[in-house]
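Down below is the structure, laid out as structure tokens.
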Amino acid sequence: MTSCGFVVSNTGLTLAKKGLTCGRPQSCAVRKAPIRMSSSGDSEVLEGPFKGNFGDWYLTKGDVIGVRDYRFALLGAAVSAAIAAGIALGVENPPLPVVDALYLVANGFLGLSLWKIHIYMKPMHNLLKALWGVGTAGAVAALFLTGEGLAFGTYDQTLWMLATGWTFVAMTGLFFKEGICFNRQEAWGLMVLTPILTGGHFLHLLPAQVERGGLGAFAAMFLFFAYRKFEQPATDDLGDKSVFDHLERQQEAA
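If you're matching positions, the sequence shown starts at 1125 in the numbering used here and goes up one per residue.
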């Protein structure tokens, strides 16, 4: 596997150790200055060309903005979830409206990240977004119908997890994608921990102390995962643009 490194100084992103990651061969050409195909706007080219499976492609300003939005959405979800978990675990009588609001904020950021994530398999991408949508609708219903609010109503009345739990299925799918593409240990850990905590609670298999410890571990690991995303080059999350272009051409020709 070939590795190379370079710096995109005008984006503040350091790109290093490129190779074949998740099916994305990268160019090993070192360029001291970005190639600019246009003077302004999202189509402004910042770096390239990169060798793709279906031709050369370029990193544009719009690409960097999309990756930035994805990473900040993950960070927003992680911070909101961590604050909610801290309140639930550390406050004797947690304020239910605050916890519910934080849940919904985290859920919203998760939805944004699912819209911004790059996945070659469009049906899989659409499935994750659909699962999030079903879980969000279930969360809104639980907020008004459980009599205890969203978070604690779902926790106490576990059948409501059949409505809200699809959000966590989508989240697990996101962690799986991150794990299989970048082999980040925190992504694998979250992929395993999320269904264990949600499924274990739904089936009443986990003692309360195990659930509390697991929730704390999830919050800490999610924060670490979101923080570490900013250490990656933009091209990691972007993937091989030539694949997306090829799939789009196939769809147009069908």
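Heads up, the beta-carbon is just placed ideally off N, CA and C, and yes, glycines get one too.
All values reported here derive from a predicted model rather than from experimental measurement.
Quick check on DSSP: helix, strand or coil for residue i?
i: Gly-1273; result: coil
i: Asp-1369; result: helix
i: Phe-1178; result: coil
i: Ala-1377; result: helix
i: Gly-1259; result: helix
i: Pro-1319; result: helix
i: Val-1215; result: coil
i: Glu-1168; result: coil
i: Leu-1330; result: coil
i: Pro-1173; result: strand
So, is residue i buried or exposed, given that buried needs 16 or more other C-beta atoms within 10 angstroms?
i: Leu-1234; result: buried
i: Glu-1310; result: buried
i: Arg-1373; result: exposed
i: Leu-1269; result: exposed
i: Lys-1096; result: What is shown of the chain runs 1125 to 1378, which leaves residue 1096 out entirely.
i: Gln-1333; result: exposed
i: Asp-1180; result: exposed
i: Gln-1375; result: exposed
i: Pro-1357; result: buried
i: Ala-1254; result: exposed
i: Ala-1377; result: exposed
I'd like to know whether the C-beta atoms of residue i and residue j end up nearer to each other than 9 Å.
i: Thr-1291; j: Phe-1326; result: no
i: Ala-1205; j: Phe-1342; result: yes
i: Ala-1294; j: Trp-1256; result: yes
i: Phe-1196; j: Thr-1359; result: no
i: Leu-1226; j: Arg-1336; result: no
i: Phe-1287; j: Gly-1271; result: According to the sequence provided, residue 1287 is Ala. The question's Phe does not apply to it. Cβ distance not < 9 Å, so Ala-1287 and Gly-1271 don't count as in contact.
i: Ser-1237; j: Leu-1314; result: no
i: Ala-1350; j: Val-1203; result: yes
i: Leu-1170; j: Asp-1187; result: yes
i: Ile-1211; j: Pro-1218; result: yes
- Item | the region 1322-1342 touching the region 1265-1285, judged by at least three CB pairs closer than 8 Å | yes
- contact_flag[the region 1237-1247, the region 1269-1280] where n(CB pairs < 8 Å) is 3 or more: no
- Message: Give the list of continuous alpha helix (DSSP H) stretches no shorter than 4 residues that lie fully inside the region 1279-1308.
- Response: 1285-1288 and 1290-1306
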